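Student:
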Ligand code: CAO
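Numbering (the working numbering), first residue to last: 5 to 487.
Next comes the structure, spelled out in structure tokens:
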């Protein structure tokens, strides 16, 4: 295989680190450190001069970072999609003929990539490689040399079984960051395969979600998959930043159990409180139901210091989403009393203080609900927000899809796709004023195979023909499969 040519290498974070642009003295007053320019915190100032280009037109936050994306299903793709939106060149490696399994899962349009796949793989390029084929390994080794980060979420041990051990990768490219999602961290379950709901259960979410009288409940928010993808993305960006200083890559692990637990940290807080006394903000306390040894399911209790509950609104009999979340925030208690027609509760010692109200929350919310049931959830929203009372309408997915303000900010975007047509997706939820994300459709399976071999790896035509002829990049023919 021909060596990579030197020219036209994309600008890299590492290159930027080596050759800082001319420095600006941020701390114009003091010169310390032997006369060296320093920033306000006394450290050497290596920041380049502020760009003079208009905001949004000087590249993206992570421009120059190239990702070798070995992810599939949801957790890993969530991470690499975010990194792609932030400017990384994400090269998704897929199994020839099959690709990411989600391409064909939950299909709504025959023979087209599913929404499951398209909505998790925007702004990426796709190359098909059989990672167990000798010629496939050859291409992967070349990609490892040219990429900054390898991201994967295979079952434990699968990457090693492909021969892509940390030692192998690090020998080829000591600067490479290897980032993984696994179900569990080191310990008794480290070898287990894990899906979303397994993580929700093992991370403490299911035991603390639902109603006291009912079974544990999983939530629709994909905190195990997408939540862990988010954690991994932060780990990768941090490792890239550290690499500027150390020059070397490192391993990044985000275990789904850990990610879910991190999102459930208030429940671990409550576990320690329950050992010292009842959790007075849980409605169970007001109802006189004794607490057990571990944190109970709290229904729709707010979980913070300000009691809240979901209340019916006008139309609830026929509309399953005609509800509002209502918070009886202490500073606006008087406004709430006036609004619901209970002005005496402002001064009545049984209601006037948050502590006095705790045992009566059920009664208080029932009274507030008498009022909310006379209004639509949007009317309640408008009236309460004018009085600074925090409330939140229960929005259906239909309402969210049609919400003009979300379209305007690019949080909900319509994308066109060559085989499935137009569809809606969620755009980048993180908005940067100088790194604007545009949502580009997901790639077709292997759409960029040739482009990557030619333009990224700069392989001569002869080598490309040899690799392709070996079958390493294409689906096995039917006879071969049967043999
Ligand atoms: N070429 C050749 N083989 C490939 C390949 C390629 N391009 N891409 C994948 N494969 C192979 C793997 O090497 C593996 O083979 P071996 O088992 O022989 O080593 C095989 O495909 C299956 O990979 P897998 O075990 O990761 O996939 P699975 O469908 O059996 O399990 C999942 C899926 C998600 C349970 C598992 O990957 C997992 O636990 N991942 C970590 C946790 C995670 O991310 N879960 C979230 C999933 S989203 O809900």
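Just so it is clear, CB atoms sit at the ideal spot from N, CA and C, and this is done for glycine as well. Fair warning: this is a prediction, and the values are worked out from it, not measured in the lab.
At a Cβ threshold of 9 Å, is residue 336 touching chain D?
Tutor: Of the protein chains in the structure, only one exists, and it is not chain D.
Student: Opposite residue 329 in the DSSP bridges: which residues?
Tutor: In the DSSP output, where bridge partners are listed per residue, residue 329 has 314, 396.
Student: Within 8 Å, do at least three Cβ pairs link the region 390-397 to the region 416-431?
Tutor: Segments in contact, no.
Student: Does the region 239-247 come into contact with the region 286-296, if we say contact requires no fewer than three beta-carbon pairs (one atom in each stretch) closer than 8 Å?
Tutor: No, the region 239-247 is not in contact with the region 286-296.
Student: Give me whichever residues DSSP pairs with residue 74 in a beta bridge.
Tutor: Bridge partners of residue 74: 156.
Student: Could you tell me which of 162, 52, 137 sits nearest to residue 75, measuring between CA atoms?
Tutor: The residue with the shortest Cα to Cα distance from residue 75 is 162.
Student: My parser needs the beta strand (DSSP E) runs of 3 or more residues fully inside the region 251-294; what are they?
Tutor: As far as the region 251-294 is concerned, its whole beta strand (DSSP E) runs of at least 3 residues are 255-259.
Student: Just the Cα atoms here: how many angstroms apart are residue 352 and residue 221?
Tutor: Each residue's alpha carbon lies about 39 Å from the other.
Student: Under 6 Å Cβ to Cβ from residue 177, same chain only, skipping five residues before and after it: list those, please.
Tutor: Hits under 6 Å: 148, 149.
Student: How long is the line joining the alpha carbons of residue 273 and residue 262, rounded to whole angstroms?
Tutor: Computed Cα separation, rounded: 15 Å.
Student: Which word fits residue 409, buried or exposed, when buried means at least 16 other C-beta atoms lie within 10 angstroms of its C-beta?
Tutor: Exposed.
Student: Consult DSSP for residue 429 and reduce its assignment to one of helix, strand or coil.
Tutor: It is a strand residue.
Student: Between the region 189-204 and the region 274-289, are three or more C-beta pairs nearer than 8 Å?
Tutor: Too few Cβ pairs lie closer than 8 Å, so no.
Student: From what residue to what residue does the alpha helix (DSSP H) around residue 409 run?
Tutor: Its alpha helix (DSSP H) spans residues 408-413.
Student: Taking only the alpha-carbon atoms, compute the straight-line gap between residue 1 and residue 412 and give it to the nearest angstrom.
Tutor: Since the first and last residues shown for the chain are 5 and 487, residue 1 lies out of range.
Student: When the distance is taken between beta carbons, is residue 185 closer than 9 Å to residue 260?
Tutor: Result yes, Cβ atoms of residue 260 and residue 185 sit closer than 9 Å.
Student: First and last residue of the alpha helix (DSSP H) that includes residue 467?
Tutor: Here the alpha helix (DSSP H) through residue 467 covers 465-473.
Student: Is it buried or exposed for residue 455, if we count other Cβ within 10 angstroms and need 16 for buried?
Tutor: Counting Cβ neighbours within 10 Å, residue 455 comes out exposed, since fewer than 16 surround it.
Student: Tell me residue 129's beta-bridge partners as DSSP assigns them.
Tutor: The partner list for residue 129 (beta bridge, DSSP) reads 95.
Student: Just reading off the beta strand (DSSP E) that residue 194 is part of, what are its end residues?
Tutor: Here residue 194 belongs to no beta strand (DSSP E), and DSSP marks it neither H nor E.
Student: Per the contact definition of three or more C-beta pairs closer than 8 Å, is the region 130-147 in contact with the region 49-58?
Tutor: The region 49-58 vs the region 130-147: no contact.
Student: Name, in chain order, the residues that DSSP records as bridge partners for residue 51.
Tutor: Partner(s): none; residue 51 has no beta bridge.
Student: Using 8 Å as the cut-off, classify the Cβ of residue 167 as near or not near the heavy atoms of ligand 3, replying yes or no.
Tutor: In terms of ligand content, the structure shown lacks ligand 3 and carries ligand 1 instead.
Student: Can you check which of these residues, 198, 59, 336, is closest to residue 77 by C-alpha distance?
Tutor: Closest option to residue 77, Cα to Cα, is 198.
Student: What number of angstroms, rounded off, separates the C-alpha of residue 434 from the C-alpha of residue 469?
Tutor: If I take the Cα positions, the gap works out to 42 Å.
Student: Buried or exposed for residue 93, going by 16 or more other Cβ atoms inside 10 Å?
Tutor: So residue 93 ends up on the buried side.
Student: Distance, Cα to Cα, residue 26 vs residue 56?
Tutor: Interpretation of residue 26 is limited by its pLDDT of 41, a score under 50 that renders its predicted location unreliable; the figure taken from the coordinates is listed afterwards. Answer to the nearest angstrom: the Cα atoms are 14 Å apart.
Student: In its own chain, which residues sit with a C-beta less than 8 Å from the C-beta of residue 230, not counting the 5 before and 5 after it?
Tutor: 78, 79, 82, listed in sequence order.
Student: Whole angstroms is fine: what's the gap from residue 97's alpha carbon to residue 383's?
Tutor: Cα to Cα, residue 97 sits roughly 50 Å from residue 383.
Student: Look at the alpha carbon of residue 328 and the alpha carbon of residue 314, and state the distance between them as a whole number of angstroms.
Tutor: So the two alpha carbons sit approximately 6 Å from each other.
Student: Measure the Cβ-Cβ separation of residue 387 and residue 381 and say whether it is below 9 Å.
Tutor: Going by C-beta atoms, residue 387 is not nearer than 9 Å to residue 381.
Student: Could you give the residue range of the alpha helix (DSSP H) that holds residue 373?
Tutor: Start and end: 365-376.
Student: Does ligand 1 have a heavy atom nearer than 8 Å to the CB of residue 451?
Tutor: No.
Student: Helix, strand or coil for residue 90, going by three-state DSSP, please let me know.
Tutor: Looking at residue 90 - three-state DSSP - the assignment turns out to be coil, as it is neither helix nor strand.
Student: Would you call residue 471 buried or exposed, if buried means 16 or more other Cβ atoms sit within 10 Å of its Cβ?
Tutor: Burial call: buried.
Student: Cβ of residue 252 within 9 Å of Cβ of residue 179?
Tutor: Contact: yes.
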